[in-house]
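Just so we're aligned: the sequence shown equals residues 800 to 987 in our numbering.
Think of the CB as a built atom: it goes at the ideal place given N, C-alpha and C, for glycine as much as any other residue.
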Amino acid sequence: MTFSEYVAYFQDIVAKESTELAAPYNNPDYFDYTKLNWHRMNRWLKTGELSEVLIQKVKSIGAPQHWILITEPWCGDAAHSVPFIELLSRENPLITLSYELRDSEPHRIESYLTRGGKSIPKLVIKNTEGHDLATWGPRPAGCQEIYDSLMQEKASFDKVKEEIQHWYNNNKGVAIQEELLLVFNDMQ
């Protein structure tokens, strides 16, 4: 799906009552979190700033690439990462970006597991022959360290959500951009 289709799908979910939706959105906790993600994603689309170094790197890509972003509206990490990837993809007409839902066909995530899990978002970069050039995701390394530490201490889900949210707010998309720059440098 295109970004417009993903946004329409996302918007359709948040415009309804949770009782009108299928799983997982019929769970009030998932539904409320998805509504928060809607606001987070749109905030970054409006206020997120791409680094000039990363913009120039993406503009220098000279061969067509197909980026596939595996995500879901309920994913908190995606709410913070998807906007930066979308904005970045717009910097070069040789890049096409499509969106796939993790929990729907074609279940591409099965080929891109992280530590054996279906963690998202996951960016897959392919060439015109369909060969993988690189992958990124599900979250920046600094955020992953916090997550791993909280999991090790068996922190509550609410504490994990809060700490991760603070990290993303304070980082302002810098880490994802630094990591994507490394990905592009490694591809050359």
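The beta strand (DSSP E) that contains residue i, what's its start and end?
{"i": "Leu932", "result": "931-935"}
{"i": "Ser897", "result": "894-900"}
{"i": "Lys921", "result": "921-925"}
{"i": "Thr870", "result": "864-870"}
So residue i is in the alpha helix (DSSP H); what residue range does that whole segment cover?
{"i": "Ile884", "result": "875-888"}
{"i": "Lys834", "result": "827-846"}
{"i": "Glu978", "result": "973-986"}
{"i": "Met950", "result": "940-951"}
{"i": "Lys815", "result": "Segment: none, Lys815 is in no alpha helix (DSSP H) and carries neither H nor E."}
{"i": "Gln967", "result": "The amino acid at residue 967 is misidentified as Gln; the sequence shows Tyr. That run of the alpha helix (DSSP H) goes 956-970."}
{"i": "Ile854", "result": "851-858"}
Flag this pair as yes or no: are the beta carbons of residue i and residue j separated by less than 7 Å?
{"i": "Met840", "j": "Ala807", "result": "no"}
{"i": "Lys834", "j": "Val813", "result": "yes"}
{"i": "Pro823", "j": "Tyr829", "result": "yes"}
{"i": "Pro937", "j": "Ser910", "result": "no"}
{"i": "Pro905", "j": "Phe809", "result": "no"}
{"i": "Gln976", "j": "Ser880", "result": "no"}
{"i": "Leu868", "j": "Tyr898", "result": "yes"}
{"i": "Leu980", "j": "Leu820", "result": "no"}
{"i": "Ala974", "j": "Pro920", "result": "no"}
{"i": "Arg914", "j": "Ile908", "result": "no"}
Among the residues of its own chain, which have a CB less than 7 Å from the CB of residue i, if the five just before and after it don't count?
{"i": "Met827", "result": "Met is not the amino acid found at residue 827; the sequence shown has Pro there. The residues are Ser817."}
{"i": "Ser888", "result": "Trp866, Ile894, Leu896"}
{"i": "Asn891", "result": "Val857, Lys858, Ile860"}
{"i": "Lys958", "result": "Leu949"}
{"i": "Glu962", "result": "Ile945, Leu949"}
Near residue i, which residues of its chain fall below 6 Å by C-beta distance, leaving aside the five closest residues on each side in sequence?
{"i": "Ala933", "result": "Ile924, Val982, Met986"}
{"i": "Gly972", "result": "Gly847, Phe883"}
{"i": "Glu885", "result": "Phe802"}
{"i": "Met800", "result": "Tyr898"}
Going by DSSP, what residues sit across from residue i in a beta bridge?
{"i": "Thr913", "result": "Gly916"}
For residue i, is the beta carbon positioned less than 6 Å from some heavy atom of the ligand HEM?
{"i": "Tyr898", "result": "With respect to the ligand HEM, the structure shown offers nothing to examine, as it has no ligands at all."}
Tell me which residues share the same chain as residue i and place their Cβ nearer than 8 Å to its Cβ, disregarding the 5 neighbours each side in the sequence.
{"i": "Trp966", "result": "Gly941, Cys942, Ile945"}
{"i": "Asn970", "result": "Pro939, Gly941, Cys942"}
{"i": "Asp931", "result": "Val923, Ile924, Lys925"}
Could you tell me whether the Cβ of residue i comes closer than 7 Å to any Cβ of chain B?
{"i": "Lys958", "result": "Protein chain content of the structure displayed is limited to a single chain, and chain B is not contained in it."}
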